[in-house]
Every structure is written in C-alpha cells, then in structure tokens.
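> Have a look at this one.
Protein chains in written order, with the working numbering: chain X, 1 to 789; chain Z, 790 to 946; chain H, 947 to 1238.
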C-alpha cells in the first residue's frame, strides 16, 4: 500500500477541509445533549463516597451499622467488599485497588453508600464511623525522593528515571560561549472542568454496564476487567460526551467504586460528583520542577540542552515520564540530556493534563533558550528558526518507554521489510515544523515593527508597559505503546455508512472529523454517515482521546476501514456490474460506484442498488459490508509531531503587577486541517489553557495535610471572555502528513504548550524581567523589585 | 407540597422542598436538563435561566423563589426543529466545544441582546464574562453573539 | 436527620420581624441567596426556618429623598448597575456593582444581603463608607440609624441583634459637589478584591475639600477608614491637591491598613497596594471634580 500516492489532491476533496457544523451542534445549543450528570436509568439509586480526612492512614475499624439501618439505605461497600486486584488507569495515571482500606490523600475513597435519595446517602455517610491508624505522610516531592521518606504505596515512591540523551554533554559545555541555568517550579494546574461527572452502573448477572463521561471507553473497559478480574466480554462501557476534560475523565477510580456498589446492592447506582469532589479528589496536573542548563555560541547555536525534571504523581499516579516533546522542538541543540522522574506523594493523584510535560518542562526550555538568545542578542523568532527541528531531521526523542515487545527499535527490527515498505523514515521527523509558522506568524503579527529588543517595551503609557513575545510548543500525535487503535465501518443496504470508532467527545469534534474522514473516503455525503464512538459493545478497542491520538491514529484506522470496505464492495461490483473492469479501477463518488477514469464511458451504479445485490446474492454470507483496517500503522512516535507557534502582546501595569493580554496570533502545523472551524477553536482553547497556567492558575495545598485549599472557582481562577482578546487570529500551515488521514495530524496539545512561553516572553520584553509562574500581580511586583535592587 | 411554576410559557404544579435549588427543581422535576449545573456556587453561569427576562443563577435560587415569575430555560427559546436565531448563530460560528456551558451562554446572550441589540465586540466580551467556557471558545462565543445580534436586527426589519 | 428547613415568605418588614422573633435563632433571614445558599450547603449554618425577604416589595427601591440617596435593602446589585449615572454616588456604586461577581448573580444578590454577610473584601462597603453612608435597622424594639462604618464588627459579623434586619442605606449630600471612586486589584475579570480603596471628596463653593472619606477594603476584618489620610486632604483647595498631598495620603492609607496574608495575596502586597489604590481613587475624584 503506497501511502503517498493515495493522498487526494486538496481541491478534489468534498468533505475534508470543510468547516461543517459538528454533528451534535443542535443538541448542544438546545441543551438536549446528555452528559454523565444528565444520565439516568429507571430504578436508579444514589451513591455517595466516604472520603478520608487524613493524608495517610490505615483503616483500623470501620463501623457502618448505624448507616446501614437508616431507612432508605440499600447497601454499603468498604475495602472488605473490594477485590484484591490492582487496576491501571490510562497512561499510568492510576494504579491501585478499588478500595483497599488505606487512605493515601485527604479525600481518598474509603467507602460508599447507596440509598434511595442523594440526601439519605449523604446523611448515611455521616453515620459511618472510621478509625484510622495514622501513618506519616509526605507532601513534598523532593522529600518523597529520599530513602527514609514515608512510602505512599507498596511499590515505593520512586519510579524509574526516563532518559533521552544524544551527543556529549562535556563537549557541549566546552563549546558554549555562554551557559545559563534555570530552576522552575510549577504549581499544579487543576482541570477545573465545567460539567462535573457522574457514573451510572448496573449489573445484570455477571455482566456489567457502565455509563459515564469518558474520553477513553476502551481503556475504561480494560480497567473494569482488571479491577474486578472479570472477562472483558462481560464489560460494557458506554462513554458519554463529557464537559471540558483536558484528560480528567478517562478511567477514574470513582467509576470503579460505583461498579462495586452496584454489584453489592444489585440495583443500578448513580454516583454524581460534586464540584468540590471534581476539583479535589480525582486528578490534577503533576506539580513539577525543572532544573536545566543550556549552552549557546555567539552565533546562536545551542550546544547544550541539559534538563532534569521531577514530577509528583500524587497518591495513585504511576507515571515514569511525561513524554516531553520540547526535546524534539529544540532538537537542533547539538548535545542533549533530558531526564524525568515520577515520585508519589500523599496528595491527590496527578496525571496527564493537556500538553503534559510540554506545558511545564517546555516552558523552562523556552525560557532558557530565550535567555541564551537574549545574551547573544538574536531575535527570538530567528533563534527558534535556527535551533528548532526541521522536517526530515533526526528526532531526539526516539525511544518511548518499553512495552510488551521491548523497545521501539526492537519492535521495528522484528518486522518484515514488506510490513515496513512505504513507511516514512523511522526516527526522523516526517513532516511539519515551526519554521513556516514562525516566518508567516512574524509577518502576520508585524513582529519586525513591534519587537523592540530583549526586555524593551513596545510602548509605555504611564504605568502601563506593553511588550510582545513569541512561544513555540510541540507534542506527539498519539503514542501506540498505550494501545493501538482500530475502527470498523459498515455499509448498510441503502448505501449509508455506520462508523464505529472509539474516541472521546470532550469538545474536540472527533465524532465529526472521523465522520468526515469516512465520508470522504467512502465517497458519500456527510449526512449519509452515522458514527458510534463510546459503546464498547460496538466499537473496536482503540486508544482513546488522549495524547492527541484521535485525528491521526483513529482517523487513519477509520480511513483504512473504509478502504477495506470499498475493496469488498468493488470485488462484488466488478463481478456484478462492471464486466471486465478490475476492482482497482473502481471508485465511489457522491454515493455512486463508477470507474475512476472516464466514468461516463461505463455504468454508474448508486450504492444502494449495489448493496441490494448483496442481499439477494445467495453466494454472499452477509447482507452488509463490514470493513476494518488490515494494514499496520507505522509507529507514530517515530516520525510524527504537531507544532504550534504563538505570538502575544501583553500590557503590564508596573505599579500593580496586573497583566492583560492585548493581542494574540496563533499558528498551527498539524498537517491537513480536517475542519477549520473545529481546529481554530481547539488551537485557541489550548492557548487559553496555557495562558491560565502562566497567569492565574495554581492549586494551593494545605501545608499540614495536603488538602486542596482552593477547590472552588472562587479561588481557582480560570480565564473568562474578558481576559483574552476576542479578535484573535489563527492560521494554519498544512504540511501534509505522509501517513495521517488525508494528511492530517494531531493538534490538541501543542497549542497549550506554546501559549505560556509566548506570554511569559511578552511580559519579559515589556518590563525587563522574567517572572515566576503563575504571574499573579504580586509575583510580577516581586520580580520588578528584585530587578531594581 | 406542590407549587405553581410558570416555565417556558406553561404553568406546572411542581413538588418543591424548601431547600431545593431552582436549578435542581427544573432539572429533576421538569426534566429540563438544559439547565446545567456545574460549579454550584454562582461562578460559572452554566445554570443561567431567565426570570422575567432577566438572567439569574438558578443554582443559588431557592425553588420557591421561582414562584410568581416567568421562568425561561434554553428549552423555551427554541428546539431541535425550530432554533432561535441565537442558537443558529452559535452553530454557524461554532461558539462551543464540549457544549456544557452553551445553554448558559445562550441565555445570558438572549438577555443581553434584548437590552443591547447593537453591541460592540468589546461590550459582548464583557457581557459574556459572567459565564465560564473552560474549553476556551470565547472568541467564537463573541462572534456567535455578534452574529445573533445581526440576525435579530435583520428580523426586525 | 436529613438536613432541611421550612420556607416562610413575609410580604412586609413587620411580618418578617415577627417570624424572626417567633423562631429565634432557628430562623434565618434569606435574601438573594448568593451567600446563604453556599453557607447552607457547606453546613456553615444550621436553622429550621428560612425567612425569604425577596418578596417584600417595599424594600426594593433606589430613590432620592431631598439630598440623600436611599437604597432599599432588597435592591439588587444589578439595580445599582442599571441606575448608574443618575448622580455621582450612583455612578460609583454602579461601577462598583459591575465589578462584583457576575451579571446573573447580581440580578439576585441584594445590597442588604451583601452588606449583612460582612465579607472583609466586599466591594460595596468601601465606597458606601467613604461617602458617609448610614444604615437603617429595624427590629422588634424599633428602628435605629447608624453610620455604616459602625455596622460591621468583624469578619462576617455585624451589630444586628437577634431580630433586627436592615431596611435601607442612606447616602447623604449626593446632590452637592461630590465625587467618589473605587479602585481595587483583582486577578481575572471576575474576582473578589485582593485589596481596594474608595475615596469620596466633597467640595464647598470655594472649591475646597469640605469632606474627604477614604475607606480601605480587604486589608482588615472590616473596612477601615484612613483618618489621617482624610485629614491630609481636608481643607485643601482642589488645585492644591496635586502638590504631593495625594502621595502622602496614599502612604497614610497604607499605614492604616491591617492586612493579613492568605492564599490570595500577602500582607506586604496588600499594604503597599493600598497606597496605589488610594492614590488612583483620589486622582479619579480630582478628575471628576475638575469637570464640575
């Protein structure tokens, strides 16, 4: 299969590249779309979770008798009811048992009650008596690294270090004319997702059905199978659309608790999380520390990039790394060493949040690079063009963590040449880069006129200083070692298409863009395509909407499934309608099967007519066509990246430290743009997430027990409409991907990574100092004070 | 005990417990899931409804405080087959991503445009700041409201 | 016991007070609910009878009475916003109301409820105090009118006795040469104040500062009047104010602040910003008065 030849010329495309309204637009604007919190089943009873009040403790005694005898209470589960099995969340975001009688953070799940009403369940919680044997707690990630630290979990606190290295650090140091050091400490960002979540679970014999908002239906199914030690054939997950998620609603332990409770009371149970529970007991971005060093020559060449990064996994996170693609972004550095380590603490679990690793470590890398650029007095746009990876160059991040088949190299070496033919060159960036984004972006932004030099404001008006900045970001487009993706396409008797592709529906428009892929490949109009995404009874196992997987990998699988369906169709069509014409010469356009070249000289058979033949063909075993991929997608981590470059103007009030974003331009290279309206929204959505990270957001933990102090939107500040410019511009550089469906790549996360650096640099240029993040007014004034001293 | 609530132009006898919020009463007793509850503390605006045409935070109101008023939820301004121009505008400009905050924004926009039929972009941005869109669709929400304003002005002619 | 309360709906002040007397501490007044709902849900209050004041139509007004502005306790924050522009007092109160939370909470939050909740960072308190506002209280023993600056006694604490309620606020002299301004520091566009300062200057016919009111917010358990700063400005002619007295008043205001550090801001920041906010408020007042 030749990937390159099958890319259609852009102007021929009917659906790909069009800003079609998302398929659930009407449901969204009429308020009829059902999210987890809206979902219910007949006969449902209500669950509430009893949560730990201590950061680390073993349940010595738990007495639920008073609660059990409360009228309306149907049942209670504790660790004594839970299987002694660990289950793994997506991307190692969770490893633990459903309930195990040990509290590992304030808010940890200890028990759960089911009752006829929510109020009775809440009242019952108060009647459960728990006695803890208090254990020493560790709340600081650097303390948790130490040998004698309290161990949060049986596997110990410290995970293996993950290393990416190339060249020779000593040489890099020696060749540098200047060397800069940095230590950046980031607060933990809260998903703070609007929409909360609920889980509804019902057992029918040994079969369980779960409805909940989730971006990862397949992995949730796997998680339930692990947590309960039951066959996957008995597990059905129906993943509902979620509110804003950013990686929060994948497979979460409260869902397992719901299943456990439903199993005990043998009635459908709904556990609906309050806003405070969503913000304080589920998951958060890792709190991270980056220490780094960069060396630069007078001509602007980066000789050295040496970074060490520590992240706290909280209580149940189990990550070894964050997959930091800033390594590749700044891949022009001649010698490099990046290492990352995950460590557990007695704080609420942390895991992947949008642009994991790139929004944090990437910020330190960008800042240190800016310091180098400033020292050698090179414009930040030029500096990036000089030192950032270009298409065709060797990727620095080559080996993701090993999986069942060993390292990526081992996996590739074991494949036959035939399997790998037509693949892009492994370990090289196949397409795209920041190069064009920076050139075009600088032009559109008027960079040359607006940038006055490092630390020089673009304008001053009383106490208001304006400055401009540029930032870049990168991320992967899915990583297969979390699981592969697949897709199934069914051609119905009337020629309409059903697509079955597991993905999340958290606003990124995948249910629409995957349908667009299918419509384009099948040659039918979009209204003839209907898609199922969340039901594990129908969708084949696929790595869910995490790690910017869906467009690239599930999109690829969807296109391949369509090709397979067409092959089957054309085999029949060739025989029944197109005497002497081979299958390879057939095509479908506008729902009509025809000969690709010179269609007017041959029959043209509408798809439904063709499908009717199948129905009446006594030699055919099925009445429908079902297509699925039957070739292998090359390992995307070995060649595909997404790129973002963003330009910001800020205004800083030097008397108060308040920052306002006054202008914004975002450029994105994610290959072919499947749906421009959808993607523009994603790009700015990501930028706003990144802006929040560097301006106002940050979890405050109690010093004594690690409880989250700002677990509400009153003091966890997220951006509002008035906090971000309305007339933003988004532009695309569509470096067609050789593998992605119609040339499309992933896009969800690099925009979030590029925003922080752009805004931070703009602030630096406005006021002449680098400010710690989040750049609250007080922090800005502190930085200014240090500068003046 | 039941009480009378006038919702989306119709009177309903509804069972209301004193401490129930108006948002929960509308959602659970009348099935109006377009009244979305997220933060539950008056910060996010997802639960915005109109009370005599005025935008109000339903999760902070008592159910009983809905009495003697004309209540409007998103279900009352348009439906699947018959969209209100504001709803159509949000679709045309894609003023949403996950959609959870969308009904709240639409109700806020309805009240705003009733008072300000010809707003500037800046005025719209400020007016929409009472609602949170965590997905970050703000620029397109503003465009949607401006488009809606134009559509409504054209309707008037 | 599942938590619940009974709902009572008085339609007059007398009826409300009778209900409060009847139920004592097991009865609570409930206005817009923007504070009470959260206190109830978080189990910070416990009571059996909710006395809903929002149906007392007689308490929802904003009107002039000779030279005093009268704001009924049940006027909403949105009412203040909509009446902004009628005079300088309503202008500053309207501008201040627009800074508070969101439009859709302002339409239900009441001025009375907000001031009775007595949050140290409440935005309305400083401008009202700076303008010399008074508050009328009524209870079973009768009525009394006290200066607003004496109304708050601590964090979430007022002088209200068990059966008293606020019926209205009075702002004097609003038809005279009065200017007021409120400035604050916040994080996002919807936020509570991290630190704030309100200034009110009133000129006599000779364009001399006859009255200066400076009230600081979020730098003490209650709003603080910066008396020394007020004295610095009082008696000066409008055109004399620019000669350094603004900076002096700002510094004096900082000295009067008794800020604490919390997760929102540090004591140092709040204290030093008190001066900046005060100077900006004075500056704005001067601007307004120059146009009189």
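Each residue gets a CB set at the ideal place from its N, CA and C atoms; glycine is no exception.
Source: prediction; values computed, not measured.
With a Cβ-Cβ cutoff of 8 Å, do residue 1244 of chain H and residue 1159 of chain H count as a contact?
Outside the shown range of chain H, which is 947 to 1238, sits residue 1244 of chain H, and nothing can be said about it.
> With a Cβ-Cβ cutoff of 8 Å, do residue 512 of chain X and residue 23 of chain X count as a contact?
Yes, the Cβ-Cβ distance between residue 512 of chain X and residue 23 of chain X is below 8 Å.
> For the pair the region 80-92 of chain X and the region 11-30 of chain X, tell me if three or more CB-CB distances fall below 8 Å.
In short, these stretches do not touch, since the Cβ pair count stays below three.
> For a test of the three-state rule: what should DSSP assign to residue 110 of chain X, helix, strand or coil?
It is a strand residue.
> Give a yes or no on whether the minimum CB-CB distance between residue 1211 of chain H and chain X is below 8 Å.
At least one chain X Cβ lies under 8 Å of residue 1211 of chain H.
> Using DSSP with H/G/I as helix, E/B as strand and the rest coil, what is residue 720 of chain X?
Coil at residue 720 of chain X, not helix or strand.
> Between which two residues does the alpha helix (DSSP H) containing residue 279 of chain X stretch?
First-last of the alpha helix (DSSP H) with residue 279 of chain X: 275-280.
> Measure the beta-carbon distance from residue 647 of chain X to residue 445 of chain X and round it to whole angstroms, keeping in mind my assumption that it falls under 8 Å.
Right, their Cβ atoms sit about 4 Å apart.
> Count the other CB atoms, across all protein chains shown, that sit within 10 Å of the CB of residue 424 of chain X; report buried if there are 16 or more and exposed otherwise.
It is buried - the Cβ of residue 424 of chain X has at least 16 other Cβ atoms within 10 Å.
> Quick one: residues in its chain with C-beta nearer than 8 Å to the C-beta of residue 932 of chain Z, no 5 flanking neighbours on either side, listed in chain order?
Correct list, in chain order: 882 and 884.
> With a CB to CB cut of under 6 Å and the five nearest residues on each side skipped, what residues in its chain are close to residue 821 of chain X?
Nothing in the structure corresponds to residue 821 of chain X, since chain X is present only between 1 and 789.
> Ends of the alpha helix (DSSP H) at residue 48 of chain X?
From DSSP, residue 48 of chain X is part of no alpha helix (DSSP H) but of the beta strand (DSSP E) over 45-51.
> Can you tell me whether residue 1104 of chain H is helix, strand or coil according to DSSP?
Note: residue 1104 of chain H maps to strand in three-state DSSP.
> DSSP on residue 288 of chain X, reduced to helix/strand/coil?
Correct three-state label for residue 288 of chain X: strand.
> Helix, strand or coil: how does DSSP classify residue 861 of chain Z here?
Correct three-state label for residue 861 of chain Z: strand.
> Please report how far the alpha carbon of residue 385 of chain X lies from the alpha carbon of residue 213 of chain X, in whole angstroms.
One C-alpha to the other measures close to 41 Å.
> Do residue 91 of chain X and residue 546 of chain X have their beta-carbon atoms positioned less than 8 Å apart in this structure?
Yes, they are a contact pair.
> Straight-line CA distance for residue 1118 of chain H to residue 1162 of chain H?
When rounded, the distance between both Cα atoms is 20 Å.
> Taking the alpha-carbon positions, what's the residue 674 of chain X to residue 748 of chain X distance?
Distance between the alpha carbons of residue 674 of chain X and residue 748 of chain X is about 13 Å.
> Which residue spans inside the region 364-434 of chain X form an unbroken alpha helix (DSSP H) run of at least 4?
Segments of the alpha helix (DSSP H) lying fully in the region 364-434 of chain X: 380-387, 408-414 and 417-420.
> List the residues of chain H whose Cβ lies closer than 7 Å to the Cβ of residue 710 of chain X, in chain order.
Those are 1209, listed as they occur along chain H.
> Run down chain H in chain order and give the residues with a C-beta less than 7 Å from the C-beta of residue 806 of chain Z.
Chain H residues near residue 806 of chain Z: 950.
> Residue 942 of chain Z by DSSP, collapsed to three states: which one?
DSSP places residue 942 of chain Z in helix when its eight states are reduced to three.
> Could you pull the DSSP bridge partners for residue 625 of chain X from this structure?
According to DSSP, which records beta bridges pairwise, residue 625 of chain X is partnered with X:491.
> Whose C-alpha, out of H:983, H:1207 and H:1037, is nearest the C-alpha of residue 1230 of chain H?
Residue 1230 of chain H has its Cα closest to that of H:1037, out of H:983, H:1207 and H:1037.
> Taking Cβ positions, are residue 122 of chain X and residue 48 of chain X nearer each other than 8 Å?
Going by C-beta atoms, residue 122 of chain X is nearer than 8 Å to residue 48 of chain X.
> Distance cutoff 8 Å, beta carbons only. Does residue 917 of chain Z sit that close to anything in chain X?
By this cut-off, residue 917 of chain Z is an interface position.
> Starting from the beta carbon of residue 787 of chain X, find every residue of chain H whose beta carbon is closer than 8 Å, and list them in chain order.
Within 8 Å Cβ-Cβ: nothing; residue 787 of chain X doesn't reach chain H, min ~16 Å.
> Since residue 836 of chain Z meets chain X, which of its residues come closer than 8 Å, beta carbon to beta carbon?
What residue 836 of chain Z touches in chain X: nothing, since even the nearest Cβ is about 11 Å away.
> How big is the Cα-Cα spacing for residue 1042 of chain H and residue 919 of chain Z?
Roughly 15 Å separates the two Cα atoms.
> Nearest-angstrom Cα distance between residue 106 of chain X and residue 872 of chain Z?
Roughly 46 Å separates the two Cα atoms.
> Shorter than 8 Å from the beta carbon of residue 464 of chain X to some beta carbon of chain Z?
Judged by the 8 Å Cβ criterion, residue 464 of chain X is not in contact with chain Z.
> What does a CB cutoff of less than 8 Å around residue 19 of chain X pick up in its chain, not counting 5 residues either side in sequence?
675, 676, 677 and 678.
> By the 8 Å beta-carbon criterion, what residues does the region 227-239 of chain X contribute toward chain H?
The residues in question: there are none.
> Since residue 718 of chain X meets chain Z, which of its residues come closer than 8 Å, beta carbon to beta carbon?
Ordered by position in chain Z, the residues that pass the 8 Å Cβ test against residue 718 of chain X are 921 and 923.
> Applying the criterion that 16 or more other CB atoms from any shown protein chain within 10 Å of the CB defines a buried residue, is residue 415 of chain X buried or exposed?
It is exposed - the Cβ of residue 415 of chain X has fewer than 16 other Cβ atoms within 10 Å.
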